[in-house]
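Beneath this line is the structure, given in C-alpha coordinates, with notes to follow.
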Amino acid sequence: MNPVFNMDAATMSPVALFLQADWVVKFVMGGLLLASIWTWAIIISFSVRLRRTKKEMARFERDFWKAEDIDAFHK
(Lines of atoms letter the chains of each structure in order from A and count residues from 1; the text may use other names and numbers.)
(Lines give C-alpha, C1' and ligand atoms only; values in the text may rest on other atoms or scores of the structure.)
Protein backbone atom coordinates (compact mmCIF):
# COMPACT_ATOMS: atom_id res chain seq x y z
CA MET A 1 0.00 0.00 0.00
CA ASN A 2 1.19 3.50 -0.79
CA PRO A 3 2.15 5.31 2.47
CA VAL A 4 0.86 8.63 1.15
CA PHE A 5 -2.71 7.34 1.23
CA ASN A 6 -2.33 5.49 4.52
CA MET A 7 -3.38 8.36 6.79
CA ASP A 8 -5.99 8.11 9.48
CA ALA A 9 -8.63 10.77 10.11
CA ALA A 10 -6.76 12.19 13.13
CA THR A 11 -3.80 13.28 11.01
CA MET A 12 -6.10 14.98 8.51
CA SER A 13 -7.77 17.29 11.02
CA PRO A 14 -7.11 21.01 10.49
CA VAL A 15 -5.36 21.31 13.87
CA ALA A 16 -3.11 18.32 13.18
CA LEU A 17 -2.26 19.64 9.73
CA PHE A 18 -1.39 23.03 11.21
CA LEU A 19 0.80 21.50 13.92
CA GLN A 20 2.64 19.37 11.35
CA ALA A 21 3.19 22.29 8.97
CA ASP A 22 6.43 24.13 8.41
CA TRP A 23 7.03 27.52 10.10
CA VAL A 24 6.42 29.36 6.80
CA VAL A 25 2.97 27.80 6.48
CA LYS A 26 2.20 28.61 10.12
CA PHE A 27 3.32 32.21 9.59
CA VAL A 28 1.14 32.60 6.47
CA MET A 29 -1.86 31.02 8.18
CA GLY A 30 -1.38 33.28 11.20
CA GLY A 31 -1.23 36.30 8.91
CA LEU A 32 -4.41 35.20 7.17
CA LEU A 33 -6.12 34.74 10.53
CA LEU A 34 -5.11 38.24 11.63
CA ALA A 35 -6.27 39.70 8.31
CA SER A 36 -9.60 37.92 8.69
CA ILE A 37 -10.10 39.24 12.23
CA TRP A 38 -9.16 42.76 11.10
CA THR A 39 -11.59 42.55 8.16
CA TRP A 40 -14.47 41.38 10.37
CA ALA A 41 -13.72 44.19 12.82
CA ILE A 42 -14.00 46.71 9.98
CA ILE A 43 -17.24 45.15 8.72
CA ILE A 44 -18.80 45.19 12.19
CA SER A 45 -17.61 48.76 12.79
CA PHE A 46 -19.17 49.99 9.55
CA SER A 47 -22.43 48.16 10.17
CA VAL A 48 -22.71 49.70 13.66
CA ARG A 49 -21.92 53.13 12.23
CA LEU A 50 -24.48 52.65 9.43
CA ARG A 51 -27.17 51.57 11.90
CA ARG A 52 -26.45 54.61 14.09
CA THR A 53 -26.56 56.94 11.07
CA LYS A 54 -29.89 55.50 9.93
CA LYS A 55 -31.36 56.13 13.39
CA GLU A 56 -30.06 59.71 13.38
CA MET A 57 -31.49 60.28 9.89
CA ALA A 58 -34.90 58.98 10.95
CA ARG A 59 -34.84 61.16 14.08
CA PHE A 60 -33.83 64.24 12.06
CA GLU A 61 -36.53 63.65 9.43
CA ARG A 62 -39.18 63.14 12.12
CA ASP A 63 -38.15 66.35 13.90
CA PHE A 64 -37.91 68.23 10.60
CA TRP A 65 -41.47 67.43 9.58
CA LYS A 66 -42.76 68.20 13.08
CA ALA A 67 -41.13 71.66 13.09
CA GLU A 68 -43.46 74.55 12.41
CA ASP A 69 -40.74 77.17 11.84
CA ILE A 70 -37.81 76.05 9.71
CA ASP A 71 -35.57 78.90 10.92
CA ALA A 72 -36.14 77.93 14.54
CA PHE A 73 -35.47 74.29 13.66
CA HIS A 74 -32.23 75.18 11.90
CA LYS A 75 -30.87 77.04 14.93
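Number 79 in my numbering belongs to position 58 of the sequence shown; there are no gaps in the numbering. Backbone N, C-alpha and C fix where the C-beta goes; we use that ideal spot for every residue, glycine too. Being a predicted model, the structure only gives us computed values, none of them experimental.
Taken atom to atom, the span from the alpha-carbon of I91 to that of D84 is near 11 Å. The beta carbon of I58 sits closer than 8 Å to no other beta carbon from its chain once the five residues preceding and following it are set aside.
If you look at T32, you'll find it isn't in any alpha helix (DSSP H); DSSP assigns it neither H nor E.
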